[in-house]
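Colleague: Here it is: the structure, laid out below.
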Amino acid sequence: MTGFIVLALYVGAFFIAYLAVSALYRAFFARIDYTALKTVTFGDESAVRPNRAASVLSVITIFLLWVAFTNSSLPLPQASSPYLGEVTFTYTSTLPDGRADEAEVTVLVYREDISQTVDAEGNPGRIPAAPEVEPGEGFAKNDSVVVPRYGYKVINVLGNDELGRSEDAVITALNGTEVQAGEMIRLPEGTVGLTDKGTPTFSPSTGNRMQRLYLPAPEVTVERFFELNEEGYRNYTLWQHTWISLQRVLLGFFFGALVGIPLGYAMGLTNWARGWFDPIVEFMRPVPPLALIPLMIIWFGIGEQSKVILLFLAALWIMAIAARAGVSGVAISKVHAAYSLGASKMQVLTKVIIPNSLPEIFTGARVAMGVCWGTVVAAELVAAERGLGMMIMVASKFQLTDIVIVGIILIGIIGFLIDVGIRILEKWLVPWKGRV
Amino acid sequence: MSTLKIDNISMRFDLPNGGHVQALKDVSLELQSGELLSVLGPSGCGKTTLLNIVAGFLAPTEGKITLNDHKVTGPNAERGMVFQQGALFEWMSVRDNVSFGPRMKGESKKTYTPTVNHLLDVVGLKDFKEKAIYELSGGMQQRVALARCLANDPDVILMDEPLGALDALTREKMQGLVLKLWKETGKTIILITHSVEEALLLGERLLVMAPRPGRIHKEYRLPFADLGVGKDLREVKKHPEFSERREEILEMIWNMEEEIMGRVEESA
Numbered sequence: 012m013t014g015f016i017v018l019a020l021y022v023g024a025f026f027i028a029y030l031a032v033s034a035l036y037r038a039f040f041a042r043i044d045y046t047a048l049k050t051v052t053f054g055d056e057s058a059v060r061p062n063r064a065a066s067v068l069s070v071i072t073i074f075l076l077w078v079a080f081t082n083s084s085l086p087l088p089q090a091s092s093p094y095l096g097e098v099t100f101t102y103t104s105t106l107p108d109g110r111a112d113e114a115e116v117t118v119l120v121y122r123e124d125i126s127q128t129v130d131a132e133g134n135p136g137r138i139p140a141a142p143e144v145e146p147g148e149g150f151a152k153n154d155s156v157v158v159p160r161y162g163y164k165v166i167n168v169l170g171n172d173e174l175g176r177s178e179d180a181v182i183t184a185l186n187g188t189e190v191q192a193g194e195m196i197r198l199p200e201g202t203v204g205l206t207d208k209g210t211p212t213f214s215p216s217t218g219n220r221m222q223r224l225y226l227p228a229p230e231v232t233v234e235r236f237f238e239l240n241e242e243g244y245r246n247y248t249l250w251q252h253t254w255i256s257l258q259r260v261l262l263g264f265f266f267g268a269l270v271g272i273p274l275g276y277a278m279g280l281t282n283w284a285r286g287w288f289d290p291i292v293e294f295m296r297p298v299p300p301l302a303l304i305p306l307m308i309i310w311f312g313i314g315e316q317s318k319v320i321l322l323f324l325a326a327l328w329i330m331a332i333a334a335r336a337g338v339s340g341v342a343i344s345k346v347h348a349a350y351s352l353g354a355s356k357m358q359v360l361t362k363v364i365i366p367n368s369l370p371e372i373f374t375g376a377r378v379a380m381g382v383c384w385g386t387v388v389a390a391e392l393v394a395a396e397r398g399l400g401m402m403i404m405v406a407s408k409f410q411l412t413d414i415v416i417v418g419i420i421l422i423g424i425i426g427f428l429i430d431v432g433i434r435i436l437e438k439w440l441v442p443w444k445g446r447v
Numbered sequence: 007m008s009t010l011k012i013d014n015i016s017m018r019f020d021l022p023n024g025g026h027v028q029a030l031k032d033v034s035l036e037l038q039s040g041e042l043l044s045v046l047g048p049s050g051c052g053k054t055t056l057l058n059i060v061a062g063f064l065a066p067t068e069g070k071i072t073l074n075d076h077k078v079t080g081p082n083a084e085r086g087m088v089f090q091q092g093a094l095f096e097w098m099s100v101r102d103n104v105s106f107g108p109r110m111k112g113e114s115k116k117t118y119t120p121t122v123n124h125l126l127d128v129v130g131l132k133d134f135k136e137k138a139i140y141e142l143s144g145g146m147q148q149r150v151a152l153a154r155c156l157a158n159d160p161d162v163i164l165m166d167e168p169l170g171a172l173d174a175l176t177r178e179k180m181q182g183l184v185l186k187l188w189k190e191t192g193k194t195i196i197l198i199t200h201s202v203e204e205a206l207l208l209g210e211r212l213l214v215m216a217p218r219p220g221r222i223h224k225e226y227r228l229p230f231a232d233l234g235v236g237k238d239l240r241e242v243k244k245h246p247e248f249s250e251r252r253e254e255i256l257e258m259i260w261n262m263e264e265e266i267m268g269r270v271e272e273s274a
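Taken in sequence, the protein lines are chains A and B. Counting from 12, one number per residue, gives the positions in the first sequence under this note's numbering. Counting from 7, one number per residue, gives the positions in the second sequence under this note's numbering.
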């Protein structure tokens, strides 16, 4: 249900922000560029450029929704909150002989994530004790219990009564309203009801915010990020987890390129190598690297070796195919020109074929790095003692969603940075790419 | 004197379906040092095949090529080639492209730098030495290709439609440049072109080839190349003999094309 509210708000934000921004644009900037001069902009691919204001607003919207639908302490608009604090309701116990008595139940609702919080002195939070209540008059005695937020509790109210189950006491009303077993009544603070056997239950109202288990608040996640940097998780700091993952990728990619590029060159330059390696390359190319993880674990165990070899295999075929395409793509006139300028075979290879294949190799490297980064995370999910994938996997087993989210964000950012890095390298090393 | 002898060349390509194409049949030709031969002909007459054989990229099925009494067995620096386009090395600057030949021979920088600078000056690219190839226009790129070929000081220059990809105005200017370079360097040149005007303007000798099988149809000796050196080529085109020859050759090639089309229709 909450999901639909979030979706509706998100879609609404898309259109409202669009209307607002375009109104502002019209008011403050009379745009005079080539695009503004076009009469046909719909369907003209060149007129479509990302609106950076939209990008910024998109990120802000996600952040605001994140704050609004979690139990965040940031001073921003929020969805209705789950109930927290004390609530009382009464029950009426009736004996077979018709005598009835009313008693009060005090419920203390505490934060469900209390054990993950710390107080001012740095001690971890504890589940609070049930509030002290007077027993009260009559045969039915007052009760008190604690319930976590988003929780549910069956309250054995008859347990402390003078005349209880053994005297066949039955609960006939809650908060003065007559109820049958299996029925319930709603209070602003939550829902009180009777089980099929007639025992009262209480579940505090949840509001529209998600609990920490599903989605921790942004500030909690940020806090966790710094904590992971300082104290680490599972004996390693966040940076160490990240670095080991990166190191695996770089090693796997390095060896993959080291073997794959010469292999691709050989396949591009000689019929025999092409024929010899074609079946292997064409067979291995469509096999997803993830499918190799079990085999790698059987062969090489769960240590570094198996991961680097897995990434090596992930990069190898991509780099081999890229290098092969690079060689096959050399214009024959360039090779002919080099020969007729007096170049030897070796010089044709080093001065013409290799430089000519660089753009293709860079394209391959971008793909291979992307695949390797995805594969390393997956491989660490399966088995590892360090690494970002391992970190989020173990954290999820302990329901530490904030660590999972920190891990996912970091994985995304690093994957993006790798791509940007290769693109910068590409611009620097093969400036002629796409301009010939 | 360097003499290029094309001796009874035949070239047959086998097709995958078992048939074959007779690209050239019994082509013989002798070229003296310093001659400029332009080759014309309809598509499929084997002009480019002939050039590739002379360059040494293809081995003929029959016959042989000799240059200065040496048999041609493969490509080397004696026979430079200028391609239509796309044969420059994008990963090198203009200067490195031009100095490619000398560098491959292991010449020292001191030896080749004056030559390279001089050639870049001649083709009008003195100020573009450090530029990348993709920063140049099509016409400039072909100037680089000419300079690169000349830097190697080949005996024979083979040009495979070197101006084919240029716009009409640039093309006219480049034709003047080719004539100028030819006269200044005294190189033997074989130039393949699709343009009858270009063939007439540049060719001291002109070869018209016929297709199926590729063979020499007719040869002309022309005065226009000598007339045109250092002059406005448009003046040469006004020469009455020029237009006469142009019409004659156009007619010839037109008829060949008609014949091919006719044959295609018959077989269909």
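Note that the Cβ used here is the ideal one computed from N, Cα and C, for glycine as well. Computed from a prediction, not measured in an experiment: that's the story for all the values here.
1) Can you tell me the Cα-Cα spacing of V150/B and Y247/A, whole angstroms?
2) Who pairs with E36/B in a beta bridge, going by DSSP?
3) Tell me where the alpha helix (DSSP H) around P229/A begins and ends.
4) Considering only their Cβ atoms, is the gap separating L197/B from G182/B smaller than 8 Å?
5) Would you mind telling me which residues of chain A sit closer than 9 Å to R85/B, beta carbon to beta carbon, in chain order?
6) Report buried or exposed for Q222/A, applying the criterion of at least 16 other Cβ atoms within 10 angstroms of its Cβ.
7) Where do the ends of the beta strand (DSSP E) carrying I198/B lie?
8) Span of the beta strand (DSSP E) holding S155/A?
9) At a CB-CB cut-off below 8 Å, which residues of chain A make contact with N14/B?
10) Using 8 Å as the limit for Cβ to Cβ distance, is F63/B near chain A?
11) Go to Y121/A, then tell me how far its beta strand (DSSP E) extends in each direction, as first and last residue.
12) Is it buried or exposed for D207/A, if we count other Cβ within 10 angstroms and need 16 for buried?
13) With a threshold of 8 Å between beta-carbons, can N82/B be considered close to chain A, or not?
14) Which of the three DSSP states is assigned to D102/B in this structure?
15) State the DSSP-derived secondary structure class of L198/A, mapped to helix, strand or coil.
16) Taking C-beta pairs closer than 9 Å, name the residues in chain A that E225/B reaches, listed in chain order.
17) Please report the residue range of the beta strand (DSSP E) in which R211/B lies.
18) Need the endpoints of the beta strand (DSSP E) that P219/B sits in, please.
19) Closer than 7 Å, Cβ to any Cβ of chain A: which residues of the region 91-115 of chain B, in chain order?
20) Between the alpha carbons of M357/A and L35/B, how many angstroms are there, rounded?
21) In angstroms with no decimal places, state the Cα-to-Cα distance between V431/A and V298/A.
22) Can you tell me where the alpha helix (DSSP H) with G96/A in it begins and where it stops?
23) Is R245/A helix, strand or coil by DSSP?
24) DSSP three-state call for S256/A: helix, strand or coil?
25) What is the residue span of the beta strand (DSSP E) that P290/A lies within?
26) Please confirm if A138/B has its CB atom under 8 Å from at least one CB of chain A.
27) Let me confirm a value: N74/B is counted as buried when at least 16 other C-beta atoms fall within 10 Å, else exposed. Which label applies?
28) For V292/A, which residues from the same chain have a beta carbon less than 7 Å from its beta carbon, with the 5 sequence-adjacent residues on both sides left out?
29) Would you call R245/A buried or exposed, if buried means 16 or more other Cβ atoms sit within 10 Å of its Cβ?
30) Can you check DSSP and say which residues form a bridge with E190/B?
31) Can you give me the Cβ contacts of L156/B inside the same chain, cut-off strictly under 6 Å, excluding the 5 residues immediately before and after it?
32) Judging by CA-CA distance, which residue of E123/A, Y21/A, T103/A is the nearest neighbour of A114/A?
33) Quick one: what's got a C-beta closer than 7 Å to T374/A's C-beta in the same chain, skipping five residues either side?
34) List the DSSP bridge partners of V203/A.
35) Would G279/A be called buried (16 or more neighbouring beta carbons within 10 Å of its own) or exposed?
36) Whole angstroms are fine: how far does the CA of K70/B sit from the CA of P81/B?
Modeller: A quick look at the data gives this:
1) Here the question's residue 150/B lines up with position 144 in the second sequence. Here the question's residue 247/A lines up with position 236 in the first sequence. Cα to Cα, the separation comes out at about 59 Å.
2) In the second sequence, counting from the first residue as 1, residue 36/B sits at position 30. Residue pairing by DSSP places E36/B opposite K11/B in a beta bridge.
3) Within the first sequence, the letter at position 218 stands for residue 229/A. Residues 229-241.
4) On the second sequence, position 176 is the one that residue 182/B refers to. On the second sequence, position 191 is the one that residue 197/B refers to. Taking 8 Å as the cut-off, the beta carbon of G182/B is found no closer than this to the beta carbon of L197/B.
5) Here the question's residue 85/B lines up with position 79 in the second sequence. Scanning chain A for C-beta atoms nearer than 9 Å to the C-beta of R85/B yields S351, reported in chain order.
6) Position 211 of the first sequence, counted from the first residue, corresponds to residue 222/A. By the 10 Å Cβ count, Q222/A comes out buried.
7) If you number the second sequence from 1, residue 198/B lands on position 192. That run of the beta strand (DSSP E) goes 194-198.
8) Taking the first residue of the first sequence as position 1, residue 155/A is located at position 144. That run of the beta strand (DSSP E) goes 154-159.
9) The residue labelled residue 14/B in the question sits at position 8 within the second sequence. Within 8 Å Cβ-Cβ: nothing; N14/B doesn't reach chain A, min ~23 Å.
10) As a first step, residue 63/B must be located in the second sequence, where it is residue number 57. At least one chain A Cβ lies under 8 Å of F63/B.
11) Looking up residue 121/A in the first sequence gives position 110. First-last of the beta strand (DSSP E) with Y121/A: 111-121.
12) Sequence index remark: in the first sequence, residue 207/A carries index 196 (1-based). By the neighbour-count rule (16 or more Cβ atoms within 10 Å), D207/A is not buried but exposed.
13) Position 76 of the second sequence, counting from 1, holds the residue named residue 82/B. Yes, contact with chain A.
14) Residue mapping note: residue 102/B aligns to position 96 of the second sequence, counting from 1. In this structure, DSSP gives D102/B a helical state, which the three-state scheme calls helix.
15) Here the question's residue 198/A lines up with position 187 in the first sequence. DSSP places L198/A in strand when its eight states are reduced to three.
16) Numbered from its first residue, the second sequence carries residue 225/B at position 219. Taking a Cβ-Cβ threshold of 9 Å, none of the residues of chain A is close to E225/B; the smallest such distance is about 26 Å.
17) Numbered from 1 along the second sequence, position 205 holds the residue referred to as residue 211/B. Annotation: the continuous beta strand (DSSP E) that includes R211/B extends over 211-216.
18) Position 213 of the second sequence, counted from the first residue, corresponds to residue 219/B. From DSSP, P219/B is part of no beta strand (DSSP E); its letter is neither H nor E.
19) Taking a C-beta cut-off of 7 Å against chain A, the contacting residues of the region 91-115 of chain B are G92, A93, F95, E96, W97, F106, G107, M110, K111, listed in chain order.
20) Along the first sequence, one-based indexing puts residue 357/A at 346. Along the second sequence, one-based indexing puts residue 35/B at 29. Each residue's alpha carbon lies about 34 Å from the other.
21) Within the first sequence, residue 431/A is the residue found at index 420, counting from 1. Within the first sequence, residue 298/A is the residue found at index 287, counting from 1. The straight-line gap from Cα to Cα measures roughly 27 Å.
22) Your numbering for residue 96/A matches position 85 in the first sequence. That residue, G96/A, is in no alpha helix (DSSP H); its beta strand (DSSP E) goes 96-105.
23) The count along the first sequence starts at 1 and reaches residue 245/A at position 234. Coil, per DSSP.
24) On the first sequence, position 245 is the one that residue 256/A refers to. Collapsing the DSSP output to three states places S256/A in a helix.
25) As a first step, residue 290/A must be located in the first sequence, where it is residue number 279. Run containing P290/A: none in the beta strand (DSSP E); it sits in the alpha helix (DSSP H), 282-295.
26) Within the second sequence, residue 138/B is the residue found at index 132, counting from 1. Residue-level contact check: A138/B touches chain A, since one or more beta carbons of chain A fall below 8 Å from its beta carbon.
27) Translated into positions along the second sequence, residue 74/B becomes position 68. Per the 10 Å Cβ criterion, exposed.
28) The sequence position of residue 292/A within the first sequence is 281, counting from 1. Counting only Cβ-Cβ distances below 7 Å, and skipping sequence neighbours, we find W328, A331, I332.
29) Residue numbering aside, residue 245/A sits at position 234 when the first sequence is read from its first letter. By the Cβ-count criterion, R245/A is exposed, with fewer than 16 other Cβ atoms from all chains shown falling within 10 Å of its own Cβ.
30) For the purposes of this step, residue 190/B is identified with residue 184 of the second sequence, where counting begins at 1. Beta-bridge annotation (DSSP): E190/B is not paired with any residue.
31) As a working note, residue 156/B is residue 150 in the second sequence. The beta carbon of L156/B lies closer than 6 Å to those of L125 in the same chain, with the five residues before and after it left out.
32) Mapped onto the first sequence, residue 114/A falls at position 103. Taking only the C-alpha atoms, the option nearest A114/A is T103/A.
33) For the purposes of this step, residue 374/A is taken as residue 363 along the first sequence, with counting starting at 1. Closer than 7 Å at the Cβ level, and outside the excluded window around T374/A, lie A333.
34) Counted from its first residue, the first sequence places residue 203/A at position 192. The partner list for V203/A (beta bridge, DSSP) reads I196/A, F213/A.
35) Start at 1 with the first residue of the first sequence, and residue 279/A comes out as number 268. Classification for G279/A: buried.
36) Counting from 1 along the second sequence, the entry for residue 81/B is found at position 75. Counting from 1 along the second sequence, the entry for residue 70/B is found at position 64. Each residue's alpha carbon lies about 14 Å from the other.
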